[in-house]
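Engineer: Below are the structure tokens for one structure; questions will follow.
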Amino acid sequence: MSRHFDSPLSRRKLGRYAAGVGAAALLGGGVANAATETAEHYYAKARRLAGRDPVLLDLVDALSRDFVLPDLPAPAPVKVFDNVAVLSIGWVSALALFTSDGIVLIDALNTPAEAENVIASGLRTLGADPATIRYVIVTHGHFDHFGGAQYLADTYGARVMMSAADWTYMAGTTQSNQPRRDLDISDGQQLTVGDTTVTLNLTPGHTPGSVSPIFPVRDKGRRHTAMLWGGTRPPDTAANLRTYLSSVELLRNRMSQARVDVELSNHPFCDNGLERIAQLGNARNPFVVGVSGTQRFMNVMANMVRGHIIAAGG
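Numbering (mature numbering (1 follows the signal peptide of the UniProt record, and there is no 0)) for the sequence shown: -34 to -1, 1 to 280.
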């Protein structure tokens, strides 16, 4: 499917923005009270917070109940920061974090073939050696994130990390290409490789043990702090949605404490990711959205989830 990456606000997104403004107006500006605390109240609040921002409009879309997975082109392997590369098939991506003592990979795509032909080949294209992959952090136990992990472990000696809850969750499914259980991730665990420390936060909801990393990045030598939300699609039941919302608030607070100013995603349809990749090379890195921008991202997510909780009868 052809998409234009250079427009800051497509007609589709402008329509969503106008619809959101209209819905908020009908709800008296979106101020909650006993009469307006409906699912649509929170959805409208999320749209109003998103405004014209294409990153946040994509997030609202991705969190909507009627969301349909788009057909996205695979970008070439690319460094989005001095020490971070995106290796993607379009709708799902792996991130490589380059340290002074090897590579930390966040997620591993769908299959062993993608691990070799997209991840390993992409690293070579960027001048890196896949044999230096030290760890594969699997954000959660779905095939599109762990599918290539065992191949990378067997071929390059990487250690595979996932939360204990999701090792168990994954093993109880019929998904293919499951990695053998290796290292467990605990909440707040810090993984230090060379000059880089990644903080691993348990954010259950999408799965029982989704993990959202916070880590340092550099843009033309300037230091920033990035986050990656580990499991985007909200669950269906009110109980699991409340867990998801608690995770959003937990990570939002930790992001505030860490002064996170960069938002990254393993699904580029959630955050205008491919369009932002196309904008790299401009005066400002489009993934640097500021501390207020990352907080706004989490607030949009929280309001969408609050709407889902009400819609689910919670």
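Heads up, the beta-carbon is just placed ideally off N, CA and C, and yes, glycines get one too.
Predicted, not measured: the structure shown is a model, and the values here were computed from it.
Determine the direct distance from the alpha carbon of proline 179 to that of serine 152, and round the result to whole angstroms.
Structural biologist: Locating residue 152 in the sequence shown gives position 186, where the first residue counts as 1. Locating residue 179 in the sequence shown gives position 213, where the first residue counts as 1. Cα-Cα distance, rounded: 12 angstroms.
Engineer: Under DSSP, the beta strand (DSSP E) around valine 226 begins and ends at which residues?
Structural biologist: Sequence index remark: in the sequence shown, residue 226 carries index 260 (1-based). Note, valine 226: premise wrong, no beta strand (DSSP E); not H, not E.
Engineer: Any contact between the region 88 to 103 and the region 58 to 69? By contact I mean 3 or more CB pairs, one from each, below 8 angstroms.
Structural biologist: Touching, yes.
Engineer: Which complete beta strand (DSSP E) runs does the region 95 to 174 hold, if anything under 3 residues is left out?
Structural biologist: Whole beta strand (DSSP E) segments, 3+ residues: 99 to 103, 125 to 129, 149 to 151, 155 to 159 and 162 to 168.
Engineer: According to the neighbour-count rule (16 or more other Cβ atoms, all chains shown, within 10 Å of its Cβ), is arginine 250 buried or exposed?
Structural biologist: Working through the sequence shown from its first residue, we reach residue 250 at position 284. By the neighbour-count rule (16 or more Cβ atoms within 10 Å), arginine 250 is not buried but exposed.
Engineer: Roughly how many whole angstroms lie between the Cα atoms of alanine 12 and arginine 18?
Structural biologist: Position 46 of the sequence shown, counting from 1, holds the residue named residue 12. Position 52 of the sequence shown, counting from 1, holds the residue named residue 18. Straight-line Cα distance between these residues: approximately 12 angstroms.
Engineer: Can you tell which of Gly187, Ser129 and Ile85 has the C-alpha that lies nearest to the C-alpha of valine 70?
Structural biologist: As a working note, residue 70 is residue 104 in the sequence shown. Per the Cα distances, Ile85.
Engineer: What whole-angstrom Cβ distance do aspartate 150 and tryptophan 133 have, given they're in contact under 8 angstroms?
Structural biologist: Translated into positions along the sequence shown, residue 150 becomes position 184. Translated into positions along the sequence shown, residue 133 becomes position 167. Yes, aspartate 150 and tryptophan 133 are in contact; Cβ-Cβ is about 7 angstroms, under 8 angstroms.
Engineer: Provide the residue span of the alpha helix (DSSP H) that contains glycine 279, from first to last.
Structural biologist: Here residue 279 refers to the residue found at position 313 of the sequence shown. Unbroken run through glycine 279: none, as it is neither H nor E.
Engineer: Whole angstroms are fine: how far does the CA of arginine 14 sit from the CA of alanine -16?
Structural biologist: By one-based count along the sequence shown, residue -16 stands at place 19. By one-based count along the sequence shown, residue 14 stands at place 48. Any answer about alanine -16 is weak, because its pLDDT of 40 lies below 50 and its placement is not dependable; what the coordinates show is given next. Straight-line Cα distance between these residues: approximately 10 angstroms.
Engineer: If you measure between the beta carbons of serine 142 and phenylalanine 109, is that distance less than 9 angstroms?
Structural biologist: Start at 1 with the first residue of the sequence shown, and residue 142 comes out as number 176. Start at 1 with the first residue of the sequence shown, and residue 109 comes out as number 143. Result yes, Cβ atoms of serine 142 and phenylalanine 109 sit closer than 9 angstroms.
Engineer: By how many angstroms is the C-alpha of histidine 233 removed from the C-alpha of valine 26?
Structural biologist: Translated into the one-based positions of the sequence shown, residue 26 becomes position 60. Translated into the one-based positions of the sequence shown, residue 233 becomes position 267. So the alpha carbons of these two residues sit roughly 14 angstroms apart.
Engineer: Tell me which residues share the same chain as alanine 278 and place their Cβ nearer than 8 angstroms to its Cβ, disregarding the 5 neighbours each side in the sequence.
Structural biologist: Locating residue 278 in the sequence shown gives position 312, where the first residue counts as 1. Asp202, Thr203, Ala204 and Leu207, listed in sequence order.
Engineer: Please check the pair leucine 216 and threonine 169, which I expect to be a contact at CB under 8 angstroms, by giving their CB distance rounded to whole angstroms.
Structural biologist: Looking up residue 216 in the sequence shown gives position 250. Looking up residue 169 in the sequence shown gives position 203. Going by Cβ atoms, the distance from leucine 216 to threonine 169 rounds to 7 angstroms, so yes, they are a contact pair.
Engineer: Going by DSSP in three states, threonine 209 sits in which element: helix, strand or coil?
Structural biologist: Taking the sequence shown and counting its residues from 1, the one referred to as residue 209 is at position 243. DSSP places threonine 209 in helix when its eight states are reduced to three.
Engineer: For a test of the three-state rule: what should DSSP assign to aspartate 185, helix, strand or coil?
Structural biologist: Sequence index remark: in the sequence shown, residue 185 carries index 219 (1-based). In this structure, aspartate 185 counts as strand in the three-state DSSP scheme.
Engineer: Is it a yes or a no for the region 180 to 197 touching the region 120 to 128, going by three-plus beta-carbon pairs under 8 angstroms?
Structural biologist: Cβ pair count under 8 angstroms is below three, so no.
Engineer: For glycine 68, report the span of its beta strand (DSSP E) as first-last.
Structural biologist: In the sequence shown, counting from the first residue as 1, residue 68 sits at position 102. Glycine 68 -> beta strand (DSSP E) spans 68 to 72.
Engineer: Please determine, among Leu35, Asn167 and Pro182, the residue with the shortest C-alpha to C-alpha distance to glycine 175.
Structural biologist: Looking up residue 175 in the sequence shown gives position 209. Ranking the options by Cα distance to glycine 175, first place goes to Asn167.
Engineer: Specify, as a first and last residue, the run of the alpha helix (DSSP H) that leucine 15 falls within.
Structural biologist: Indexing the sequence shown from 1 puts residue 15 at position 49. That run of the alpha helix (DSSP H) goes 5 to 16.
Engineer: When the Cα of tyrosine 117 is compared with those of His106, Thr140 and Gln144, which residue comes out closest?
Structural biologist: Along the sequence shown, read from residue 1 onward, the residue named residue 117 stands at position 151. Looking at the Cα atoms, Gln144 is the closest of the given residues.
Engineer: Is methionine 193 near threonine 260, with beta carbons less than 9 angstroms apart?
Structural biologist: Residue 193 sits at position 227 when you count from the first residue of the sequence shown. Residue 260 sits at position 294 when you count from the first residue of the sequence shown. Contact flag set, yes.
Engineer: If you draw a straight line from the C-alpha of aspartate 227 to the C-alpha of leucine 29, how long is it?
Structural biologist: On the sequence shown, residue 227 is found 261 positions in, with the first residue counted as 1. On the sequence shown, residue 29 is found 63 positions in, with the first residue counted as 1. Distance between the alpha carbons of aspartate 227 and leucine 29 is about 22 angstroms.
Engineer: Threonine 191: which of Phe253, Asp148 and Gly171 sits nearest, CA to CA?
Structural biologist: Residue 191 sits at position 225 when you count from the first residue of the sequence shown. Considering only alpha carbons, the answer is Phe253.
Engineer: Since isoleucine 103 and isoleucine 55 should fall inside the 8 angstroms C-beta cutoff, what is the C-beta to C-beta distance between them, to a whole number of angstroms?
Structural biologist: As a position in the sequence shown, residue 103 is number 137, starting the count at 1. As a position in the sequence shown, residue 55 is number 89, starting the count at 1. 19 angstroms between Cβ atoms; not a contact.
Engineer: Where does threonine 91 fall in DSSP's three states?
Structural biologist: Position 125 of the sequence shown, counted from the start, is the residue given in the question as residue 91. DSSP places threonine 91 in helix when its eight states are reduced to three.
Engineer: Tell me whether serine 30 sits in a helix, a strand or coil according to DSSP, three-state version.
Structural biologist: Mapped onto the sequence shown, residue 30 falls at position 64. In the structure shown, serine 30 sits in coil (DSSP, three-state: anything other than H, G, I, E or B).
Engineer: So, helix, strand or coil for leucine -8, using DSSP?
Structural biologist: Here residue -8 refers to the residue found at position 27 of the sequence shown. In this prediction, leucine -8 scores a pLDDT of 34, lower than 50, which makes its location untrustworthy; the coordinate-derived value is nonetheless stated afterwards. Looking at leucine -8 - three-state DSSP - the assignment turns out to be coil, as it is neither helix nor strand.
Engineer: With distances taken from CA atoms, which of Pro78, Thr209, Asn238 and Glu241 is nearest arginine 272?
Structural biologist: Locating residue 272 in the sequence shown gives position 306, counting from the first residue. Here the closest residue by C-alpha is Thr209.
Engineer: Let me check one thing: in DSSP terms, what residues is histidine 233 bridge-paired to?
Structural biologist: Numbered from its first residue, the sequence shown carries residue 233 at position 267. Its beta-bridge partners do not exist; DSSP assigns none.
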